[in-house]
Each structure stands twice: as C-alpha cells, then as structure tokens.
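*Asks:*
Residue numbers (my numbering): 637 to 1071.
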C-alpha cells in the first residue's frame, strides 16, 4: 500500500512523543513492505532515520506571522521568502517545542477549522503535490489538530483519511477557555471528513470520546518498536535509573532528581547512577539549571546526554536498569515504555493516565506522584532481585505480545485495507499485500 503520513515537524532537538510515535509507525509500515511517504509541516525533519519524502508545507514562521499580523491582507513576498529560508527555519527549530499555546490561538484554530485564506493558500500546495505525484492509497494525519486538512483534501480528492489521537488536550486545554472550547467544537464539526480515528491506548480512547463526542468509533494501535534493535542480554555495571524524555517541569525530572538524591544519601543502593536523555529546548534552560542544582552533591554519578538524537534511542536503554518517568500529566502512551520493555527494562512510573494499562506487571506504579513515594518505589525494585526479575520478564513478554513494530504494522495495515476494500481499483493491490 502507498501511505502518505502528514506530520508536524518539531525541530528534532528534543524527544517529542507524537513525533516519535509517527516515526515508529512509519518504520513499522516500511518494514512490513508498505510504501510510506512522509510529509512534514511547520519545521523540516532533519534526522537521518526520519527523512521527509516531500517539500515542507505550512512553514512555521511565515504561517504564524500570516495568522498573527496579516489576517486581512497579503504578506509581502519578500518577507515570506525571508521567513521561509533554511536559515530562519533552522533558527526556529532551536526555539521550537513550547508547551504553552499562548499566542498560537489563530494558528491552532486555522489548522483545525481549515477555513481562512492563509490556510487555503497553503493547503492548495499540498493538494497540488498529491494530485501531481504518485497518488497514495491512504492519508494518515498525525493529530486531530490537523483535521482542517482532512476537510480540505476530502472536498477535492476521494481518498481514505486516517487520523491519530494522542495528547491533544495538553495543547488545546492550555488555550484560554474561549479558544479551547472553540477548538474542541471545531474538531467535532470536522470528524466526518476522517474515515477512521486511531488512539494509542484504551485510556486515551476514553479521553477522546469525552472531548470529542462526535467520534463514534476509535481503534487502538499501540506504537511498537523493532525489538531486535533494543534487545539486550546484559545489565549495566552499576544500577542505573533512566529518564528519556524532554527535560521540563511537566515531565517531572525534578521529582526524579530529588528521589535520586534521597537514595544516594541513604546509600541503600551502592554505586547508584542516574542517566538522563531526551534533550530540552531554550524555554527549559532555567528548569535544567534547577535540576543541576538538585543533583550537584552527586553530579559525578549522573550521566546527562545534553544533545538529543533519534540515534540515541536504542543504545540508551541498554545502559540502564529501569526507566522512570514521573509525569505531572496524564499521558496517552509512554513510548519510552515500549522501548524499555524491548530491552528488558522495567518501569517505575506514577499511577496516572495510561500507565497502569501499558505497564501492567512490568514495573511498579506509585501514588501520589512525589519524590518520597518515588524514592520508596525505586528502592523496592532495585533492592529486591525477585521483584526486579519478575518485572523484567513481564517487560520482555509485553514487548513481544503488545509493543512490537510487527503488531503495530499489522493493525494499521488492516485498518487501511478495510477502508480500501470498497474501491475496486485497489482490490488487486490488497491481494498482493496479503501474499
């Protein structure tokens, strides 16, 4: 099958959950023999393993400026050319990744509603590209916050559209109440232009039904990894706690830092280490400085990967004993969990969001989410070999049973195939895929 995956680029400078999920979906589908084209929006994709197949559409700076300052007029061509230059986009990538929607209301609503003139100008370029290149069998949108694209494309091209649902409320609910209500209502109005919605967990399917009651059916496709790339038969020399996510307040790195200091002070786990990866952005520098202050007494026992790269993923998990993510929000699916489980690494996470569903017996869940409870949970699993080994065995089992790339590709392939079965022109293609 020919699949066009439309994804918002985030600059590739930090761990972005939705971006990495899209990366895993693309790799899984490609490994299964499908022809996947990746279309980036906003910022270019620069990682070698995550190359785009199309030009960049809806370039971030010029589209933001157009929505902010030229609602009733046309942006000068010379200004657009400067803002869309590679230098400007590289600079924007360095400052990307804000967790606040303040100031982004117009751009957010534009992509959801799909009605204003600046949106129409940009989406026309996408439609032209689709019509004048090899037509995909299915288009897969990364998030419902791009649902305006589904509306525009469906009105011009009869092609099945699938849309992922994951953590939209983190962004949309950070809007002021007026714009947040308008955003959710507008998504609901446009659900008819999407043929199938997919969520990464049962937890987030429930959240989506509550936020967007117009959606009547959502299928679950948990992201999966190539297990062979992560598999590890050895443990690190010293017990090592791993954190692999963007270093910010929302992801709770300060909670983990304090728990690590607590464990070092009591010395209940000799030679304990902390390994931190996932990167951070300009707006996180003050927070990162705060983490360094917390960890200062034991900084020689901390391994901090200052720069983020997709290439770090597989090696990171082989050098830790467990993964820990003390998130302050209810996450739809922790992708670091599927990675850690493939390496046979248990998880210690708060009992929030999808964690109880995803982790099961492959780790320890604690509550409430504070450094004292996290300290106790980490001590329990790292000082009791029986508990650790049982969690490790369950992590490996879950990896094969639920979180492998083969399972994800099979589920997505079936969804796409069912959407295409009513089209006689693809019947022979589907028969070929099944053989």
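We treat Cβ as the ideally placed atom computed from N, Cα and C, and that holds for glycine. Just so it is clear, the structure is predicted and the values come from calculations on it, not from any experiment.
Does DSSP put residue 983 in a helix, a strand or coil?
*Replies:* The answer is strand: DSSP assigns residue 983 an E or B state.
*Asks:* Are three or more beta carbon pairs between the stretch 967-978 and the stretch 991-1005 nearer than 8 Å?
*Replies:* Short answer: they touch.
*Asks:* Give me the Cα-Cα distance between residue 821 and residue 913, rounded to the nearest whole angstrom.
*Replies:* So the alpha carbons of these two residues sit roughly 37 Å apart.
*Asks:* If you drop the 5 nearest sequence neighbours on each side, which residues of the same chain put their C-beta closer than 7 Å to that of residue 741?
*Replies:* Answer for residue 741: 811 and 815, listed in chain order.
*Asks:* For residue 835, which three-state DSSP category applies?
*Replies:* In this structure, residue 835 counts as strand in the three-state DSSP scheme.
*Asks:* Exposed or buried, what is residue 1025 when buried is set at 16 or more other beta-carbons lying within 10 Å of its beta-carbon?
*Replies:* The residue is exposed, with fewer than 16 neighbouring Cβ atoms inside 10 Å.
*Asks:* Ordered along the chain, which non-local residues of its own chain (more than five positions away) have a Cβ less than 7 Å from that of residue 932?
*Replies:* Cβ within range, chain order: n/a, list empty.
*Asks:* Give me the Cα-Cα distance between residue 936 and residue 852, rounded to the nearest whole angstrom.
*Replies:* When rounded, the distance between both Cα atoms is 53 Å.
*Asks:* Enumerated in chain order, which unbroken segments of the alpha helix (DSSP H) with a length of 4 residues or greater are wholly contained in the stretch 752-839?
*Replies:* The stretch 752-839 contains these whole alpha helix (DSSP H) runs: 753-768, 783-790, 804-808 and 813-826.
*Asks:* Around the C-beta of residue 647, are 16 or more other C-beta atoms found within 10 angstroms, so that it is buried, or is it exposed?
*Replies:* The predicted model places residue 647 with a pLDDT of 48, which falls under 50 and marks its position as unreliable; any figure quoted below should be read in that light. Under this definition residue 647 is a buried residue.
*Asks:* Starting from the C-beta of residue 1015, find all residues in its chain whose C-beta is less than 6 Å away, skip the five residues before and the five after it, and write them out in chain order.
*Replies:* 904, listed in sequence order.
*Asks:* Run through DSSP, which three-state label would residue 934 get?
*Replies:* The answer is helix: DSSP assigns residue 934 an H, G or I state.
*Asks:* From residue 889 to residue 876, what does the alpha carbon distance come to, in whole angstroms?
*Replies:* Each residue's alpha carbon lies about 15 Å from the other.
*Asks:* Compare the beta carbon distance of residue 762 and residue 693 with 8 Å and say whether it is the shorter of the two.
*Replies:* Yes, these two residues count as a Cβ contact at 8 Å.
*Asks:* Please return the same chain residues whose Cβ sits closer than 6 Å to the Cβ of residue 952, not counting the five positions on each side in sequence.
*Replies:* 880 and 913.
*Asks:* Within 10 angstroms of its Cβ, does residue 813 collect 16 or more other Cβ (buried), or is it exposed?
*Replies:* Exposed, because fewer than 16 other Cβ atoms sit within 10 Å of the Cβ of residue 813.
*Asks:* How many Å lie between residue 747 and residue 898 at the Cα?
*Replies:* Spanning the two alpha carbons is a distance of roughly 46 Å.
*Asks:* Suppose the cutoff is 7 Å on Cβ atoms and the five residues either side in sequence are ignored; what does the same chain contact list for residue 819 look like?
*Replies:* Correct list, in chain order: 744, 745, 748, 808 and 811.
*Asks:* Taking 8 Å as the threshold, find out whether the stretch 959-966 comes into contact with the stretch 978-990 through three or more Cβ pairs.
*Replies:* Yes, the stretch 959-966 is in contact with the stretch 978-990.
*Asks:* Counting Cβ pairs closer than 8 Å, one from the stretch 1001-1008 and one from the stretch 855-866, do we hit at least three?
*Replies:* Touching, no, given that fewer than three Cβ pairs across the two stretches are closer than 8 Å.
*Asks:* Taking the alpha-carbon positions, what's the residue 1049 to residue 661 distance?
*Replies:* In a straight line, the C-alpha of residue 1049 is about 11 Å away from that of residue 661.
*Asks:* Between the Cα of residue 681 and those of 861, 946 and 664, spot the shortest distance and give me the residue it belongs to.
*Replies:* For residue 681, the nearest C-alpha among the options comes from 946.
*Asks:* In the DSSP output, what is residue 1035 paired with across the bridge?
*Replies:* DSSP lists no partner for residue 1035.
*Asks:* As a quick exercise: from 669, 641, 658 and 654, pick the residue whose alpha carbon is nearest that of residue 1046.
*Replies:* It is 669 whose Cα lies nearest to the Cα of residue 1046.
*Asks:* Out of 845, 776 and 837, point me to the one whose CA is closest to residue 639's CA.
*Replies:* Among 845, 776 and 837, the Cα nearest to that of residue 639 belongs to 776.
*Asks:* Which complete beta strand (DSSP E) runs does the stretch 855-920 hold, if anything under 3 residues is left out?
*Replies:* Complete beta strand (DSSP E) runs here, min 3: 876-880 and 909-913.
*Asks:* Helix, strand or coil for residue 941, going by three-state DSSP, please let me know.
*Replies:* Looking at residue 941 - three-state DSSP - the assignment turns out to be coil, as it is neither helix nor strand.
*Asks:* Which residue or residues does DSSP assign as beta-bridge partners of residue 1049?
*Replies:* Residue 1049 is not bridged to any residue.
*Asks:* Report the partner residues of residue 643 according to the DSSP bridge assignment.
*Replies:* Partner(s): 676.
*Asks:* Who are the Cβ neighbours of residue 802 in its own chain at under 8 Å, not counting the five residues just before and after it?
*Replies:* Counting only Cβ-Cβ distances below 8 Å, and skipping sequence neighbours, we find 653, 654, 657, 779, 835, 836, 840, 968 and 969.
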